[in-house]
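S.K.: Sharing a structure here in structure tokens format.
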Amino acid sequence: MKPNASISTVGKAGGVKWKALSASEKAPYVAKADKRKAEYEKTMAAYNKKQASGADDGDDDSDKSKSEVNNEEEDSDDDGDGVEDDEAGREEIWVGTNGNTPVRRKMMTKLGNQKKKLNSAPIQELKEFEGTHDLMASSWDESHEIGSQSDDSFQFERLHLEPIYDAFICPLSKQIMRDPVSIENGQTFEREAIEKWFNECKENNRKLVCPLTLKELKTTDMNPSIALRNTIEEWNARNEIVQLDMARKSLNIGCPEIDILRALRFVQYICQKSVSNKHIIRNNELIPMIVDMLKSSSRRVRCRTLETLRVVVEDDDDNKEIMAEGDNVRTIVKFLSHEQSKEREEAVSLLYELSKLESLCEKIGSVNGAILILVGMTSSKSENLLTVEKADKTLENLEKNENNVRQMAASGRLQPLLTLILEGSPEVKLSMASYLGELALSNDVKVFVAQTVGSSLINLMKSGNVQSREAALKALNQVSSCDSSAKILVDEGILSPLVKDLLAGSNPLPMRLKEISATILANIVSSDCDFDSIPVGPNHQTLVSEDIIHKLLYLISNTGPPIECKLVQVLVGLTSSPVTLISVVSAIKSSGAINSLVQFIEAPQQDLRLASIKLLQNLSPNMGQELASSLRGTAGQLDGLIKVIAENIVSTEEQAVAVGLLADLPERDMGLTRQMLDEGAFEMVISRIRMIRQGEPRRSRFVTPYLEGLVRVLTRITFVLQNEPKAVSLCRDHDLAGLFTELLANGLDNVQMVSASALENLSLESKNLTKLPEIPPQSFCGSIFPCFSKQPVMTGLCRVHRGACSRRDTFCLLEGPALRRLVGLLDHTNAMVVEASLAALSTLLEDGVNIEEGVAVLIEVEGVKPILDVLLEKRTENLGRRAVWVVERLLRTEDIAYEVSGDPNVSTALVDAFQHGDYHTRQTAERALKHVDKIPNFSGIFPNV
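As structure tokens, then:
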């Protein structure tokens, strides 16, 4: 061969010669290579130990050169979260720079010597050079791989089977060429580099010259050097085989961290260099070895491993299949919840690549918690945007599997499931609707679902397929349990088909589905919709039409408890609105169903019992007398109602509703009150009130309505005092006047108002219960000669009632703190409390008592001014009438009249009542104005007037 043969020719010939050598001929070179490899490993072990101990100086020349490389690299490798902050200094064997470092100068000198040797040697000597495996084994070559690709922070230093020939290196880029081209004068460059040179010459208006010879060129034409390119590619392939073998040996948990990191980076490099190289990784069974690196205790190794796996499986389905074998996917998912953000980011990116393969979507979704974590990451504000985006895209890929869609829905990502309900096949729609009915949804989500698929679910409900109807009904049952979503369903037209299926229909539903339909209807009627104007049947029938209500009542009487309960709840919803209440009351009266409804008070099912009591309470304002008559019957429903009220120690909703029903019944119904007396209901009520006053063992949210109902029920007994001696005895025995006085300080408006009303009733009875003193008869002489008689002196008598009074026996308000508490309530913000308190105080000024003393008592408790203030405020019409009456009584006292006459505000208020009040109020105001001389009093001139 000629000494000046081209490098490509020599390289090819050398490669062929080496391959032709027998094993025995290669043995000396292999032995020499193994020897140098051992020396290299020993040297590297010492070096790594020195690096770990923090030593910065040494006498070894190789260490010095490595340190120099490290110094130039320490700022170039930044892999986020500090993963590779110090790797540039620890990967100096594979990592270098493009600068003219001592290592590079040493490499270039070495290449020059090799070239001289190669050009002067005969072909038979190539075996000594080409086969010199010692270059591979003696070191992971310190020379810079000039032609390698970088990722902004590093370039590989690679172990070479063969040396780097000068002909491979571009004079401009100083890198091994990938696309060598020849220019006009025969010089060879990397295409990209020479194109850049030509462009710079043109842009800077320089002469077009060769960058090596600086001689002017006539043209920019370039000819590809195909032979050289092929030679370089073969050279790279041979070298990469060796590098891959070394990387394989380094992928072991027991290897030094730096070796593992270099090996992983090399795997990334060859996969990114060519997609076809990925099958080499697969065929060499490197993927399981890489996965094993996830078990490393080094965070840097774990991050690099996740990154490498992503590169390996990218756009390669076979590698993805191998990657997903065993528990590998589960291992990756664990990194999603790792505290280090870098590991989470890499894990999400890897899962995203795996999820692109549809066959793996089910496996990813089957890992417990995988989808839940991904959904959480998409809504996290602490993750970076790239991670959130990758998590979202991963979930989009996982949507290809129906089980994954169900998991997403359960985790709060409902849109994929709703999309399948809208666009899926009939079977898929059925499946997704069924699952939607099993989910627990928040109110906001229910509204979103109703807006998105409400119409589709209603159409599914109207289908002839029983399974489809069942799935749709269950989903609608879930969605309709929120007022806002129920209104949306009403707008979508759910009422007509729902009522049709429930009441009759050509294709009747099974009873289990009728129960669901009744539940949906109960949910819907609890919303604020105009049900008296929405047609649900022929002839413009509405939900509150008499015929529809009659059919509902018929169903209630002829079905089982579950449906009965839901249908009663429908009536509860319809009677909760004043608009529809009258229509329902009319239908119930015309059907005579009140007795049937009352019977449910004794139903063993608590939910049915509660619903029926709620319905009866809603009906009581318009059917109070009918209800009272039904409860007084011999069926024992009143006793059942009382048992419900007394059942538990802790207040429940059922107890609160039951006592509210009893309190709403006509308070002056003597028959009902007597029956309650006979059954000991009032004693139970008193006991419960005192227990709550002392502090219930466990407070509940129903204790307030329960207490209010109890006090209202107890007040019933104060309306029958005149005609029922048992009632008077019970009030005395339990000191009800004292109990109601205590309740004035309760703080609940309704309790204070009802207690004040009860005290009014008790105080009105005081004048009838007061024991007037017995005056002893005069002696015979005293009767003939009065001057000789002596009037007895009576002590301990009530100033107002003129007899022996007490709070317990005659219910007199003068004893105890009742009067001051009533006066204090005159300043209450609730006008009804003020009116009740003023009414109770006015009993001291009624006919039949000593009004002057009553006024004096009010003066003593500082009640006059608050009463006048009530008159001036004119808060309600009823309160105004009551205030005018009380003020007129006060003005009968001259001192008060004189003082008030100077207050123009009081006079103005009385004049206003005189002009605008009803007949009785005008008369009372006229008398009051006469007391303050605002109207002439003609009674002295015309006594008969």
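Position in the sequence shown counted from 1, then plus 10, gives you the numbering used here. The C-beta atom is built at its ideal place from N, Cα and C for all residues, glycine as well. Note that the structure is a prediction, hence the values are computed from the model and not measured.
Under the assumption that V595 contacts L581 (Cβ atoms under 8 Å), give the Cβ distance between them as a whole number of angstroms.
M.R.: V595 to L581, Cβ: 10 Å. No contact.
S.K.: Measure how close the beta-carbons of S847 and L832 come, nearest whole angstrom, since I'm counting them as under 8 Å.
M.R.: Going by Cβ atoms, the distance from S847 to L832 rounds to 5 Å, so yes, they are a contact pair.
S.K.: Of the choices E210, V191, K472, A485, whose alpha-carbon is the least far from that of P518?
M.R.: Ranking the options by Cα distance to P518, first place goes to K472.
S.K.: Nearest by alpha-carbon distance to T429: which of G447, V459, K403, K400 is it?
M.R.: V459
S.K.: Assign M521 to buried or exposed, taking buried as 16 or more other Cβ atoms, counted over all protein chains shown, within 10 Å of its Cβ.
M.R.: exposed
S.K.: For the 8 Å Cβ check, are there 3 or more pairs between the region 756 to 768 and the region 714 to 722?
M.R.: yes
S.K.: Could you name the residues of the same chain whose beta carbon sits closer than 6 Å to that of S192, not counting the 5 residues immediately before and after it, in chain order?
M.R.: T198, N233, S235
S.K.: Give the straight-line distance between the Cα atoms of G991 and Q616, rounded to the nearest whole angstrom.
M.R.: Absent from the model: residue 991. The displayed extent of the chain is 11 to 955, so no value can be given.
S.K.: Here's the rule: buried if 16 or more other CB atoms are within 10 angstroms of the residue's CB, otherwise exposed. What is Q704?
M.R.: Around the Cβ of Q704, a 10 Å sphere holds fewer than 16 other Cβ atoms; the residue is exposed.
S.K.: Identify, in the order they occur along the chain, each residue of the same chain with its Cβ nearer than 7 Å to the Cβ of L508, setting aside the five sequence neighbours on each side.
M.R.: S527, I530, L531
S.K.: Going by C-alpha distance, which of D269, D745, L361 is nearest E344?
M.R.: Rather than Glu, the amino acid found at residue 344 in this sequence is Lys. Ranking the options by Cα distance to K344, first place goes to L361.
S.K.: Might you give, ordered along the chain, the residues of its own chain that have their beta carbon closer than 7 Å to the beta carbon of A401, omitting 5 neighbours on each side?
M.R.: Closer than 7 Å at Cβ, skipping near neighbours: V358, L384, M387, T388.
S.K.: Leaving out five residues on either side along the sequence, give the residues of the same chain with a beta carbon under 8 Å from the beta carbon of S630.
M.R.: L637, L671, D674, L675
S.K.: When the Cα atoms are used, what is the spatial distance from S917 to A828?
M.R.: Looking at the two C-alpha atoms, the distance is approximately 30 Å.
S.K.: For P234, which residues does DSSP report across the bridge?
M.R.: Answer is V191, bridged to P234.
S.K.: In angstroms, rounded to a whole number, what distance separates the CA positions of D302 and M333?
M.R.: 11 Å
S.K.: Quick one: complete alpha helix (DSSP H) runs, 4+ long, within the region 625 to 681?
M.R.: Secondary structure within the region 625 to 681: the alpha helix (DSSP H) runs of 4 or more consecutive residues, fully enclosed, are 647 to 656, 663 to 674 (chain order).
S.K.: Determine the closest residue to F452 out of S776, N262, A419, R899, with distance taken between C-alpha atoms.
M.R.: Residue 452 is actually Ser in this sequence, not Phe. Of the listed residues, the one whose Cα sits closest to S452 is A419.
S.K.: Would M256 be called buried (16 or more neighbouring beta carbons within 10 Å of its own) or exposed?
M.R.: buried
S.K.: Rounding to the nearest angstrom, what Cα-Cα distance links A41 and R258 in this structure?
M.R.: The C-alpha of R258 is placed about 21 Å away from the C-alpha of A41.
S.K.: On the DSSP bridge list, what partners appear for K991?
M.R.: Residue 991 is absent from the model: the chain starts at 11 and stops at 955.
S.K.: Which ranges does the beta strand (DSSP E) cover as unbroken runs of at least 3 residues, wholly within the region 466 to 501, from first to last along the chain?
M.R.: none
S.K.: Ignore the nearest five residues each way along the sequence and tell me which others in S600's own chain have a CB closer than 7 Å to its CB.
M.R.: E556, listed in sequence order.
S.K.: What three-state label does DSSP hand P876 in the structure shown?
M.R.: helix
S.K.: Note down, in chain order, each residue of its chain lying with its Cβ closer than 6 Å to the Cβ of L851, except the 5 sequence neighbours on either side.
M.R.: L832
S.K.: Is the beta carbon of N628 less than 8 Å from the beta carbon of T585?
M.R.: Yes.
S.K.: Going by beta-carbon coordinates alone, are V554 and T590 separated by less than 8 Å?
M.R.: yes
S.K.: Does I179 come out as helix, strand or coil in the three-state DSSP assignment?
M.R.: strand
S.K.: Label R168 either buried or exposed according to how many other C-beta atoms from any shown protein chain fall within 10 Å of its C-beta, with 16 as the threshold for buried.
M.R.: Low confidence applies here, because R168 scores a pLDDT of 45, under 50, leaving its location unreliable; read the following figure in that light. With 16 or more Cβ atoms within 10 Å of its Cβ, R168 is classed as buried.
S.K.: Report the rounded CA-to-CA distance for M146 versus V252, giving the unit in angstroms.
M.R.: The predicted model places M146 with a pLDDT of 30, which falls under 50 and marks its position as unreliable; any figure quoted below should be read in that light. Cα-Cα distance, rounded: 8 Å.
S.K.: Which residues share a DSSP beta bridge with T552?
M.R.: P545
S.K.: Does the region 496 to 504 come close enough to the region 473 to 481 that 3 or more CB-CB pairs lie under 8 Å?
M.R.: no
S.K.: For K875, count the other beta carbons within 10 Å of its own beta carbon; 16 or more makes it buried, fewer makes it exposed. Which is it?
M.R.: exposed
S.K.: In whole angstroms, what is the alpha-carbon distance linking M680 and L449?
M.R.: 53 Å
S.K.: Fully enclosed by the region 849 to 918, which alpha helix (DSSP H) runs are 4 residues long or longer?
M.R.: For the region 849 to 918, whole alpha helix (DSSP H) runs of length 4 or above, ordered along the chain, are 861 to 870, 874 to 883, 887 to 900, 904 to 911.
S.K.: Please classify H941: is it buried, with 16 or more other beta-carbons within 10 angstroms of its beta-carbon, or exposed?
M.R.: It counts as buried.
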